[in-house]
Amino acid sequence: MQTAPQFFKPGSSPLTRMFFFVLLSVFIMIADTRSSMLSEVRHVIAMVIFPLQKLAYLPFSLQERVERYISDFKLIEEIDHLRHEYLNSRYDFFRLQALVNENERLRALLGAAEQTEIQTVLAEILYVPHDPFSRKITVGRGRSSGVKAGQIVIDDLGVIGQVTRIYPWTAEITLITDKNHLVPVQIERNSLRTVISGTGRNGELELRFLSISTDIREGDLLITSGIGGVYPPGLPVGRVTYIEYDRSHKFARIICTPVAGVDRHRQVLILTGLPLPVPEISDNSELHAPQTKRKIQNQAL
41 MQTAPQFFKP GSSPLTRMFF FVLLSVFIMI ADTRSSMLSE VRHVIAMVIF PLQKLAYLPF
101 SLQERVERYI SDFKLIEEID HLRHEYLNSR YDFFRLQALV NENERLRALL GAAEQTEIQT
161 VLAEILYVPH DPFSRKITVG RGRSSGVKAG QIVIDDLGVI GQVTRIYPWT AEITLITDKN
221 HLVPVQIERN SLRTVISGTG RNGELELRFL SISTDIREGD LLITSGIGGV YPPGLPVGRV
281 TYIEYDRSHK FARIICTPVA GVDRHRQVLI LTGLPLPVPE ISDNSELHAP QTKRKIQNQA
341 L
(Lines of atoms letter the chains of each structure in order from A and count residues from 1; the text may use other names and numbers.)
(Lines give C-alpha, C1' and ligand atoms only; values in the text may rest on other atoms or scores of the structure.)
Protein backbone atom coordinates (compact mmCIF):
# COMPACT_ATOMS: atom_id res chain seq x y z
CA MET A 1 0.00 0.00 0.00
CA GLN A 2 1.43 3.32 -1.07
CA THR A 3 1.79 6.03 1.56
CA ALA A 4 0.97 9.68 0.91
CA PRO A 5 3.89 12.07 0.45
CA GLN A 6 5.14 13.79 3.59
CA PHE A 7 3.88 17.27 2.62
CA PHE A 8 0.37 15.92 2.11
CA LYS A 9 0.22 14.50 5.61
CA PRO A 10 -1.85 16.65 7.93
CA GLY A 11 0.08 18.01 10.91
CA SER A 12 -1.11 19.18 14.25
CA SER A 13 -4.14 21.39 14.30
CA PRO A 14 -3.77 25.22 14.40
CA LEU A 15 -5.34 25.32 17.83
CA THR A 16 -2.72 22.93 19.15
CA ARG A 17 0.13 24.99 17.68
CA MET A 18 -1.31 28.20 19.13
CA PHE A 19 -1.63 26.59 22.55
CA PHE A 20 1.98 25.39 22.36
CA PHE A 21 3.39 28.81 21.46
CA VAL A 22 1.30 30.51 24.14
CA LEU A 23 2.75 28.19 26.76
CA LEU A 24 6.24 28.76 25.36
CA SER A 25 5.78 32.55 25.55
CA VAL A 26 4.52 32.38 29.13
CA PHE A 27 7.47 30.19 30.07
CA ILE A 28 9.96 32.62 28.46
CA MET A 29 8.38 35.63 30.24
CA ILE A 30 8.49 33.86 33.62
CA ALA A 31 12.09 32.80 33.05
CA ASP A 32 13.04 36.35 32.03
CA THR A 33 11.51 37.91 35.14
CA ARG A 34 13.00 35.40 37.59
CA SER A 35 16.49 35.15 36.09
CA SER A 36 18.82 36.99 33.72
CA MET A 37 19.29 34.09 31.38
CA LEU A 38 17.72 35.84 28.39
CA SER A 39 19.40 39.23 28.87
CA GLU A 40 22.49 38.13 26.96
CA VAL A 41 20.33 36.76 24.18
CA ARG A 42 18.46 40.07 24.04
CA HIS A 43 21.73 41.98 23.78
CA VAL A 44 22.97 39.76 20.97
CA ILE A 45 19.73 40.20 19.06
CA ALA A 46 19.89 43.98 19.57
CA MET A 47 23.45 44.09 18.21
CA VAL A 48 22.46 42.05 15.17
CA ILE A 49 19.46 44.19 14.23
CA PHE A 50 21.11 47.57 15.09
CA PRO A 51 22.60 48.09 11.57
CA LEU A 52 19.22 47.26 10.09
CA GLN A 53 17.58 49.83 12.36
CA LYS A 54 20.11 52.48 11.34
CA LEU A 55 19.59 51.67 7.67
CA ALA A 56 15.83 51.88 8.04
CA TYR A 57 16.07 55.23 9.86
CA LEU A 58 18.57 56.72 7.38
CA PRO A 59 15.96 58.46 5.12
CA PHE A 60 14.32 60.08 8.15
CA SER A 61 17.73 61.18 9.51
CA LEU A 62 18.64 62.81 6.18
CA GLN A 63 15.29 64.57 6.07
CA GLU A 64 15.81 65.93 9.60
CA ARG A 65 19.29 67.23 8.71
CA VAL A 66 18.05 68.97 5.58
CA GLU A 67 15.17 70.56 7.48
CA ARG A 68 17.54 71.66 10.27
CA TYR A 69 19.96 73.19 7.76
CA ILE A 70 17.16 75.08 6.00
CA SER A 71 15.77 76.36 9.31
CA ASP A 72 19.23 77.44 10.49
CA PHE A 73 19.87 79.29 7.23
CA LYS A 74 16.53 81.09 7.49
CA LEU A 75 17.26 81.92 11.12
CA ILE A 76 20.65 83.45 10.20
CA GLU A 77 19.01 85.60 7.52
CA GLU A 78 16.32 86.69 9.97
CA ILE A 79 18.91 87.57 12.62
CA ASP A 80 20.90 89.67 10.12
CA HIS A 81 17.72 91.44 9.03
CA LEU A 82 16.66 92.14 12.62
CA ARG A 83 20.18 93.33 13.43
CA HIS A 84 20.08 95.75 10.51
CA GLU A 85 16.67 97.05 11.56
CA TYR A 86 17.84 97.43 15.14
CA LEU A 87 20.91 99.45 14.17
CA ASN A 88 18.79 101.60 11.87
CA SER A 89 16.33 102.29 14.67
CA ARG A 90 19.17 103.22 17.04
CA TYR A 91 20.58 105.64 14.49
CA ASP A 92 17.12 107.18 14.01
CA PHE A 93 16.93 107.54 17.79
CA PHE A 94 20.26 109.39 17.85
CA ARG A 95 19.08 111.74 15.12
CA LEU A 96 15.78 112.35 16.89
CA GLN A 97 17.55 113.10 20.16
CA ALA A 98 19.88 115.55 18.45
CA LEU A 99 16.95 117.21 16.73
CA VAL A 100 15.11 117.62 20.02
CA ASN A 101 18.16 119.25 21.60
CA GLU A 102 18.48 121.62 18.67
CA ASN A 103 14.82 122.55 18.83
CA GLU A 104 15.20 123.37 22.51
CA ARG A 105 17.84 125.95 21.64
CA LEU A 106 17.97 128.24 18.60
CA ARG A 107 17.68 125.97 15.57
CA ALA A 108 13.88 126.21 15.47
CA LEU A 109 14.08 130.03 15.40
CA LEU A 110 16.48 129.95 12.45
CA GLY A 111 14.28 127.59 10.41
CA ALA A 112 16.46 124.55 9.98
CA ALA A 113 16.39 122.92 6.60
CA GLU A 114 14.94 119.43 6.25
CA GLN A 115 17.63 116.81 6.78
CA THR A 116 18.50 114.51 3.93
CA GLU A 117 17.56 110.84 4.27
CA ILE A 118 20.68 108.80 4.98
CA GLN A 119 21.08 105.28 3.63
CA THR A 120 22.84 102.58 5.62
CA VAL A 121 24.71 99.36 4.89
CA LEU A 122 25.04 96.53 7.41
CA ALA A 123 28.59 95.09 7.44
CA GLU A 124 30.13 92.18 9.29
CA ILE A 125 33.54 92.50 10.93
CA LEU A 126 35.96 90.15 9.17
CA TYR A 127 39.30 90.97 10.72
CA VAL A 128 40.54 92.68 13.87
CA PRO A 129 44.35 93.08 13.92
CA HIS A 130 46.25 91.60 16.85
CA ASP A 131 48.69 94.51 16.77
CA PRO A 132 48.01 96.52 19.96
CA PHE A 133 49.09 99.72 18.19
CA SER A 134 46.76 99.26 15.20
CA ARG A 135 43.29 100.68 15.61
CA LYS A 136 41.82 99.46 12.32
CA ILE A 137 39.35 96.74 11.39
CA THR A 138 38.21 95.15 8.12
CA VAL A 139 34.53 94.63 7.24
CA GLY A 140 32.90 92.53 4.54
CA ARG A 141 31.42 95.38 2.52
CA GLY A 142 33.20 97.35 -0.16
CA ARG A 143 32.84 99.37 -3.32
CA SER A 144 30.37 96.86 -4.75
CA SER A 145 27.96 97.63 -1.87
CA GLY A 146 28.17 101.41 -2.29
CA VAL A 147 30.70 101.97 0.48
CA LYS A 148 33.04 104.91 -0.01
CA ALA A 149 36.04 106.30 1.81
CA GLY A 150 35.15 108.83 4.47
CA GLN A 151 31.81 107.30 5.44
CA ILE A 152 30.94 106.97 9.14
CA VAL A 153 30.57 103.66 10.97
CA ILE A 154 28.39 103.19 14.07
CA ASP A 155 26.92 100.44 16.21
CA ASP A 156 23.84 100.46 18.43
CA LEU A 157 25.61 102.62 21.04
CA GLY A 158 27.45 105.26 19.03
CA VAL A 159 30.33 106.08 16.70
CA ILE A 160 32.97 103.43 16.01
CA GLY A 161 35.09 105.01 13.30
CA GLN A 162 35.40 106.04 9.68
CA VAL A 163 36.06 104.22 6.40
CA THR A 164 39.60 105.04 5.32
CA ARG A 165 40.39 102.45 2.65
CA ILE A 166 38.02 100.88 0.18
CA TYR A 167 38.33 97.66 -1.84
CA PRO A 168 35.89 95.90 -4.19
CA TRP A 169 34.36 93.66 -1.51
CA THR A 170 35.94 94.83 1.75
CA ALA A 171 36.75 98.08 3.49
CA GLU A 172 39.17 99.20 6.18
CA ILE A 173 37.80 101.23 9.07
CA THR A 174 39.93 103.44 11.30
CA LEU A 175 38.57 103.46 14.83
CA ILE A 176 38.10 106.68 16.78
CA THR A 177 40.71 105.41 19.28
CA ASP A 178 43.41 105.76 16.61
CA LYS A 179 45.88 108.45 17.65
CA ASN A 180 45.59 110.23 14.28
CA HIS A 181 41.80 110.33 14.27
CA LEU A 182 39.90 113.49 15.28
CA VAL A 183 36.14 113.87 15.81
CA PRO A 184 34.37 117.22 16.31
CA VAL A 185 32.20 116.81 19.41
CA GLN A 186 30.21 118.82 21.89
CA ILE A 187 29.27 118.27 25.52
CA GLU A 188 25.63 117.25 25.62
CA ARG A 189 25.03 119.01 28.95
CA ASN A 190 26.11 122.52 27.92
CA SER A 191 26.72 122.26 24.12
CA LEU A 192 30.39 123.24 24.52
CA ARG A 193 32.16 122.31 21.29
CA THR A 194 35.63 120.83 21.06
CA VAL A 195 37.58 118.06 19.29
CA ILE A 196 38.24 114.60 20.68
CA SER A 197 41.18 112.46 19.55
CA GLY A 198 42.32 108.90 19.99
CA THR A 199 45.29 107.94 22.10
CA GLY A 200 46.28 104.79 20.23
CA ARG A 201 45.16 102.68 23.19
CA ASN A 202 42.07 100.54 23.18
CA GLY A 203 39.12 102.06 25.01
CA GLU A 204 40.66 105.51 25.57
CA LEU A 205 40.04 108.96 24.07
CA GLU A 206 41.39 112.36 25.04
CA LEU A 207 40.15 115.95 25.01
CA ARG A 208 43.09 118.26 24.39
CA PHE A 209 43.63 121.98 24.70
CA LEU A 210 40.75 122.63 27.09
CA SER A 211 41.37 125.24 29.74
CA ILE A 212 41.33 124.24 33.39
CA SER A 213 38.39 126.62 33.80
CA THR A 214 36.28 124.79 31.19
CA ASP A 215 32.84 123.68 32.39
CA ILE A 216 33.29 119.91 32.06
CA ARG A 217 32.59 117.15 34.56
CA GLU A 218 33.22 113.45 34.92
CA GLY A 219 30.33 111.52 33.40
CA ASP A 220 29.56 114.14 30.71
CA LEU A 221 28.44 112.59 27.42
CA LEU A 222 30.19 113.76 24.25
CA ILE A 223 28.22 113.69 21.00
CA THR A 224 29.15 114.65 17.46
CA SER A 225 28.65 118.35 16.81
CA GLY A 226 28.22 118.09 13.04
CA ILE A 227 30.88 120.76 12.46
CA GLY A 228 32.68 120.13 9.17
CA GLY A 229 29.86 118.03 7.76
CA VAL A 230 31.72 114.73 8.09
CA TYR A 231 29.96 113.38 11.17
CA PRO A 232 26.19 113.88 11.49
CA PRO A 233 25.22 115.72 14.68
CA GLY A 234 23.98 113.93 17.76
CA LEU A 235 25.86 110.62 17.58
CA PRO A 236 27.28 109.50 20.96
CA VAL A 237 31.08 109.30 20.93
CA GLY A 238 32.43 109.01 24.47
CA ARG A 239 31.97 109.77 28.13
CA VAL A 240 34.35 111.71 30.38
CA THR A 241 35.90 109.36 32.93
CA TYR A 242 38.91 111.24 34.33
CA ILE A 243 39.86 114.90 34.69
CA GLU A 244 43.23 116.08 36.01
CA TYR A 245 43.76 119.73 36.90
CA ASP A 246 47.31 120.99 37.13
CA ARG A 247 47.61 124.68 37.96
CA SER A 248 51.10 124.75 36.47
CA HIS A 249 49.63 124.07 33.04
CA LYS A 250 47.06 126.03 31.08
CA PHE A 251 45.16 122.97 29.89
CA ALA A 252 43.46 120.16 31.78
CA ARG A 253 44.11 116.49 31.08
CA ILE A 254 40.75 114.90 30.22
CA ILE A 255 40.39 111.18 29.47
CA CYS A 256 37.23 109.73 27.93
CA THR A 257 35.92 106.25 27.24
CA PRO A 258 34.18 105.39 23.93
CA VAL A 259 30.53 104.48 24.33
CA ALA A 260 30.73 102.06 21.38
CA GLY A 261 33.19 99.31 20.60
CA VAL A 262 33.93 96.63 18.01
CA ASP A 263 34.59 94.07 20.75
CA ARG A 264 30.89 93.92 21.58
CA HIS A 265 29.37 93.04 18.18
CA ARG A 266 30.02 91.22 14.92
CA GLN A 267 28.07 93.69 12.76
CA VAL A 268 28.37 97.44 12.32
CA LEU A 269 26.37 100.01 10.36
CA ILE A 270 27.96 102.15 7.64
CA LEU A 271 26.23 105.48 6.96
CA THR A 272 26.09 106.09 3.20
CA GLY A 273 24.60 108.95 1.23
CA LEU A 274 25.47 111.68 3.75
CA PRO A 275 24.81 115.22 2.52
CA LEU A 276 27.73 117.39 1.46
CA PRO A 277 29.32 119.37 4.29
CA VAL A 278 27.93 122.88 4.74
CA PRO A 279 30.52 125.52 5.67
CA GLU A 280 29.89 127.00 9.07
CA ILE A 281 29.42 130.76 9.43
CA SER A 282 30.93 132.19 12.56
CA ASP A 283 28.71 134.31 14.79
CA ASN A 284 31.55 136.80 15.42
CA SER A 285 31.27 139.39 12.66
CA GLU A 286 34.56 141.00 13.71
CA LEU A 287 36.46 137.97 12.46
CA HIS A 288 35.00 138.46 8.99
CA ALA A 289 35.46 142.21 8.89
CA PRO A 290 39.13 142.16 7.74
CA GLN A 291 38.31 139.61 5.03
CA THR A 292 35.39 141.68 3.79
CA LYS A 293 37.52 144.85 3.80
CA ARG A 294 40.22 143.15 1.71
CA LYS A 295 37.61 141.97 -0.83
CA ILE A 296 36.26 145.51 -1.19
CA GLN A 297 39.75 146.93 -1.69
CA ASN A 298 40.53 144.30 -4.36
CA GLN A 299 37.31 145.12 -6.20
CA ALA A 300 38.15 148.85 -6.09
CA LEU A 301 41.56 148.19 -7.60
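Count along the sequence shown from 1, add 40, and you get the number used in my numbering.
All residues carry an ideal CB built from backbone N, CA and C; glycine is no exception.
- For GLN307, the enclosing beta strand (DSSP E) stretches over residues 307–312.
- Cβ neighbours of PRO208 within its own chain (closer than 6 Å, five residues either side excluded): GLY182, ARG183, SER184.
- Here the segment 282–289 does not lie against the segment 234–242, with fewer than 3 beta-carbon pairs under 8 Å apart.
- Counting only residues of its own chain and dropping the five nearest sequence neighbours on each side, LEU261 has a CB closer than 6 Å to the CB of GLU228, ARG279.
- The shortest C-alpha to C-alpha distance from GLU164 to any of ILE213, GLU258, ARG105 is the one to ILE213.
- Relative to THR178, the option among LEU215, THR160, ASP196, GLY186 whose CA is nearest is LEU215.
- Under the DSSP definition of a beta bridge, PRO298 partners with GLY278.
- With the rule of 3 Cβ pairs closer than 8 Å, the segment 245–260 counts as touching the segment 289–302.
- The residue from THR312, PRO276, CYS296, GLY268 with its alpha-carbon nearest to that of ILE256 is CYS296.
- In the structure shown, GLN191 falls within a coil segment according to DSSP collapsed to helix, strand and coil.
- In the three-state reduction of the DSSP assignment, TYR167 falls in the strand class, which pools E and B.
- As the crow flies, the alpha-carbon of VAL225 is around 9 Å from that of GLY274.
- Put simply, the backbone Cα of TYR282 is about 10 Å away from that of GLU246.
- Checking the DSSP bridge columns, you'll see ILE216 has no partner listed.
- For ILE206, the enclosing beta strand (DSSP E) starts and ends at 199–206.
- For PRO224, the uninterrupted beta strand (DSSP E) segment begins and ends at 222–227.
- Taken in chain order, the complete beta strand (DSSP E) segments of 3 residues or longer contained in the segment 241–267 are 245–247, 261–264.
- Counting along the chain, LYS176 sits inside the beta strand (DSSP E) bounded by residues 176–179.
- For THR160, same chain residues with a beta-carbon under 8 Å away, outside a window of 5 residues either side, are HIS124, LEU127, ASN128, TYR131, LEU309, ILE310, LEU311, THR312 in chain order.
- Taking each of THR254, SER231, VAL299, ARG241 in turn and checking the Cα distance to ILE267, the smallest one comes out for SER231.
- In this structure, the beta-carbon distance from GLY243 to THR204 does not fall below 8 Å.
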